[in-house]
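S.K.:
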Amino acid sequence: MPLRFYNTLSQQVEEFRPQEDNIVRMYTCGPTVYDYAHIGNFRTFTFFDLLRRWLRERGYRLDHVMNITDVEDKIIRNALAQHKSLTDYTATFEKAFLEDCKALRLEPPERWVRATEHINEMAAAIQKLSEQGHTYSSEGSLYFRIATFPDYGKLSHNDFSGIRAGARVDVDTYDKADARDFALWKAPKDGEPFWDTPIGPGRPGWHIECSVMAIRYLGETLDIHAGGVDLIFPHHENEIAQSVSLTGKPFARYWIHSEFLLVDGQKMSKSLGNYYTLRDVLARGFAPEAVRYLLASVPHRKQLNFTFEGLKSAETSVDRLRNFKLRLEKEKFPPGNNPKLAIRTAEAETKFSESLDDDLNVAEALAAVFEYIRDANVAMDAGDFQEENGAVARAFLNRFDRIFDVLRPSTQRESLSDADVEAKIAARAQAKKARNFAEADRVRDELLQQGIILEDTKDGVRWKRK
RNA sequence: GGCGCGGUAGCCAAGUGGUAAGGCCAAGGUCUGCAAAACCUUUAUUCGUCGGUUCAAUUCCGACCCGCGCCUCCA
Numbered sequence: 027m028p029l030r031f032y033n034t035l036s037q038q039v040e041e042f043r044p045q046e047d048n049i050v051r052m053y054t055c056g057p058t059v060y061d062y063a064h065i066g067n068f069r070t071f072t073f074f075d076l077l078r079r080w081l082r083e084r085g086y087r088l089d090h091v092m093n094i095t096d097v098e099d100k101i102i103r104n105a106l107a108q109h110k111s112l113t114d115y116t117a118t119f120e121k122a123f124l125e126d127c128k129a130l131r132l133e134p135p136e137r138w139v140r141a142t143e144h145i146n147e148m149a150a151a152i153q154k155l156s157e158q159g160h161t162y163s164s165e166g167s168l169y170f171r172i173a174t175f176p177d178y179g180k181l182s183h184n185d186f187s188g189i190r191a192g193a194r195v196d197v198d199t200y201d202k203a204d205a206r207d208f209a210l211w212k213a214p215k216d217g218e219p220f221w222d223t224p225i226g227p228g229r230p231g232w233h234i235e236c237s238v239m240a241i242r243y244l245g246e247t248l249d250i251h252a253g254g255v256d257l258i259f260p261h262h263e264n265e266i267a268q269s270v271s272l273t274g275k276p277f278a279r280y281w282i283h284s285e286f287l288l289v290d291g292q293k294m295s296k297s298l299g300n301y302y303t304l305r306d307v308l309a310r311g312f313a314p315e316a317v318r319y320l321l322a323s324v325p326h327r328k329q330l331n332f333t334f335e336g337l338k339s340a341e342t343s344v345d346r347l348r349n350f351k352l353r354l355e356k357e358k359f360p361p362g363n364n365p366k367l368a369i370r371t372a373e374a375e376t377k378f379s380e381s382l383d384d385d386l387n388v389a390e391a392l393a394a395v396f397e398y399i400r401d402a403n404v405a406m407d408a409g410d411f412q413e414e415n416g417a418v419a420r421a422f423l424n425r426f427d428r429i430f431d432v433l434r435p436s437t438q439r440e441s442l443s444d445a446d447v448e449a450k451i452a453a454r455a456q457a458k459k460a461r462n463f464a465e466a467d468r469v470r471d472e473l474l475q476q477g478i479i480l481e482d483t484k485d486g487v488r489w490k491r492k
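Residue numbers for the first sequence follow the working numbering, beginning at 27 and rising by one.
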């Protein structure tokens, strides 16, 4: 079965085929750097990461652009309040964001692009839209006139035919002719930063940046455009209106949206006290891999209810995976190749791949991995697991980890060197041999205090860092 | 009200027109000097409710109930 994705545009699962050979041109909506990103944001960004990794695993070459919105109302408000320049203000949060991405092992896209570095291009695009008659100005600001774009609503499946132009719905501080119209260019207000451009002084509206930067780097028609479901309307709808008006071409072929993360069944909000940044969660002692696993383990089209209980569960699941990896690496297997197991591994890998091909069904893919691990453990216990099975198993596990990337621990507290640990283990072995279990247990506890866990096996002692 | 997503065991969650994957937790057990790890057993006669289609529905159709999101900024 080919790779396929649910496309918001068609509301169907479709086979994925990029326009050109094996290159995937993908644009994903990145963060607005006005504050620390929260775990809801990272749910979406983790999904982008899985998408990237699976596309590449499937042989595609990626050209992925992600924007950083560094000019926007909240940023301006906060920067003014702190008497900082826009750049000084956003630099802090951009840096924090990139650190968080790294902690979560999110691969960087091929290009990060900042809104403020494309102001002139945005102005030029707006100019062109104006020449084409898609805009009007009001009090120094320029608006996109939705009435000039008949396909408006196709992505969000909204029917606007019943809405009258000019039927004023309460609109913020700007004057719009139609509630659906949106600002392309905002006139400067007192004390606010602005840019001098051929279309006048001001700053870009939010939507135009994505259209302009996507087209600039990826061409007029993207293969994939992804974002959170909350962006479907109006953001992505507006992007389509602008882009298609500008180019006359479809803007993106596959629109992929990830569902919301909820906390305790509700939307995160500061007033409810259920608003968590990644930093908040890590400060509670959870490893970034546990967070990554949790965010990655629920299919993107399903709302993910974040709880600390769930995070704990994710942590234990990661431990199970790591234990298996450790066993695979340390245990001595008899020579040979158990054909039954070889087949079993191939089956598991096939199920893993087919599941991810199916609109990135991570739940099913993980099931394939865990089922395999159980069978392999059983075989190991029975002595049926042989050397050559090990190589294949390691390859499968590596493949799993190229996508999920949770096996490597990120907190490496090297309080004891490997040699120190081995020495302690040797001392404990002596004590055990003398049946001095009190001393043996003392050593084991001592090591445990330092984050070293011992496991006695028939092949000797196996140890790992917590 | 419109648009969209979802309601499957204590929690998370997959899935199919033919009788319920997987993970976590819990209980008991095997192994172990004791642990750890691993394994085994138990845990949904049942998949929001009510109808319908069918030999057969959790899976299709209809209605209804509930949760969440979007409809002004938002991953």
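The beta-carbon is built from N, C-alpha and C at its ideal position, and this holds for glycine as well.
Can you tell me the Cα-Cα spacing of N93 and V39, whole angstroms?
M.R.: Note on geometry: alpha-carbon atoms of N93 and V39 lie some 27 angstroms from one another.
S.K.: By the three-class DSSP mapping on this structure, what secondary structure does L244 have?
M.R.: helix
S.K.: Tell me, which residues are paired with I250 by DSSP?
M.R.: M52 and Y280
S.K.: Please name the residue in Y60, E46 and L155 whose C-alpha comes closest to that of T527.
M.R.: Coverage of the chain is limited to positions 27 through 492, which leaves residue 527 absent and any answer about it impossible.
S.K.: Who are the near neighbours of E147 in its chain, counting only those whose CB is closer than 7 angstroms to its CB and skipping five residues on each side?
M.R.: V238 and R242
S.K.: Counting Cβ pairs closer than 8 angstroms, one from the stretch 422-435 and one from the stretch 445-462, do we hit at least three?
M.R.: no
S.K.: Kindly indicate which residue of L77, G477 and D47 has the alpha-carbon position closest to the one of S381.
M.R.: L77
S.K.: For R305, which of I49, F42, D61 and K100 has the nearest alpha-carbon?
M.R.: Minimum Cα distance to R305 is reached at D61.
S.K.: What does the Cβ neighbour count give for T116, buried or exposed, with the cut at 16 atoms within 10 Å?
M.R.: It counts as buried.
S.K.: Indicate the three-state DSSP secondary structure (helix, strand or coil) for P365 in the structure shown.
M.R.: Helix.
S.K.: In angstroms, rounded to a whole number, what distance separates the CA positions of I369 and N403?
M.R.: About 15 angstroms.
S.K.: Just the C-alpha distance for R310 and R131, rounded to the nearest angstrom, thanks.
M.R.: 19 angstroms
S.K.: By Cβ distance below 6 angstroms, which residues in the same chain neighbour P314 in space, the five residues on each side in sequence not counted?
M.R.: A129, L130 and S436
S.K.: Going by DSSP in three states, A316 sits in which element: helix, strand or coil?
M.R.: helix
S.K.: Assuming L347 contacts G416 under a Cβ cut-off of 8 angstroms, what Cβ separation, rounded to an integer in Å, is found between them?
M.R.: Going by Cβ atoms, the distance from L347 to G416 rounds to 16 angstroms, so no, they are not a contact pair.
S.K.: When you compare the CB positions of F378 and A394, do they come within less than 8 angstroms of one another, or not?
M.R.: yes
S.K.: Run through the stretch 61-111 for me and flag every whole alpha helix (DSSP H) of 4 or more residues, listed as ranges in chain order.
M.R.: 65-83 and 99-107
S.K.: Find out if the Cβ-Cβ distance for the pair H233, S284 is shorter than 8 angstroms.
M.R.: no
S.K.: Is the beta carbon of V270 sitting closer than 8 angstroms to the one on F259?
M.R.: no
S.K.: Let me confirm a value: H262 is counted as buried when at least 16 other C-beta atoms fall within 10 Å, else exposed. Which label applies?
M.R.: By the neighbour-count rule (16 or more Cβ atoms within 10 Å), H262 is buried.
S.K.: Thinking C-beta only, is I152 closer than 8 angstroms to I225?
M.R.: yes
S.K.: Please report the straight-line C-alpha distance between S167 and A267, rounded to a whole angstrom.
M.R.: 18 angstroms
S.K.: So what does V39 bridge to, in DSSP terms?
M.R.: Y32
S.K.: By alpha-carbon positions, which one of Y302, E357 and F463 ends up nearest to G409?
M.R.: From the listed residues Y302, E357 and F463, the smallest Cα separation to G409 is found for E357.
S.K.: For V50, which of N104, P135 and E98 has the nearest alpha-carbon?
M.R.: P135
S.K.: Could you say if the stretch 90-105 and the stretch 287-302 meet the contact criterion of at least three C-beta pairs nearer than 8 angstroms?
M.R.: no
S.K.: Looking only at its chain, what residues have a beta carbon closer than 6 angstroms to the beta carbon of L442, apart from the 5 residues adjacent to it on each side?
M.R.: Q476
S.K.: Could you pull out every residue in the same chain whose Cβ sits closer than 7 angstroms to the Cβ of A191, ignoring the five residues on either side in sequence?
M.R.: Note that A191 has pLDDT 44, beneath the 50 cutoff, so the model's placement of it is unreliable and the number below is only indicative. Excluding sequence neighbours, A191 sits near A173, A203 and D204.
S.K.: In this structure, how does DSSP classify D384 when only helix, strand and coil are distinguished?
M.R.: strand
S.K.: Excluding sequence positions up to five away, which residues of its chain have a Cβ less than 6 angstroms from the Cβ of R194?
M.R.: Interpretation of R194 is limited by its pLDDT of 42, a score under 50 that renders its predicted location unreliable; the figure taken from the coordinates is listed afterwards. Taken in chain order, the list of residues that qualify is empty.
S.K.: Which residues in the same chain have their Cβ closer than 6 angstroms to the Cβ of F73, if we skip the five residues on either side of it in sequence?
M.R.: S284 and H326
S.K.: Label R420 either buried or exposed according to how many other C-beta atoms from any shown protein chain fall within 10 Å of its C-beta, with 16 as the threshold for buried.
M.R.: exposed
S.K.: What whole-angstrom Cβ distance do R537 and N48 have, given they're in contact under 8 angstroms?
M.R.: Examination of residue 537 is not possible in this model, given that the chain is present from 27 through 492 alone.
S.K.: When the Cα atoms are used, what is the spatial distance from T6 to A149?
M.R.: The first residue shown for the chain is 27 and the last is 492, placing residue 6 beyond what the model contains.
S.K.: Would you say D383 and L29 are within 8 angstroms of each other, going by their C-beta atoms?
M.R.: Yes, these two residues count as a Cβ contact at 8 angstroms.
S.K.: Going by Cα to Cα distance, which pick from S343, K121, G231 and L210 is closest to R400?
M.R.: S343
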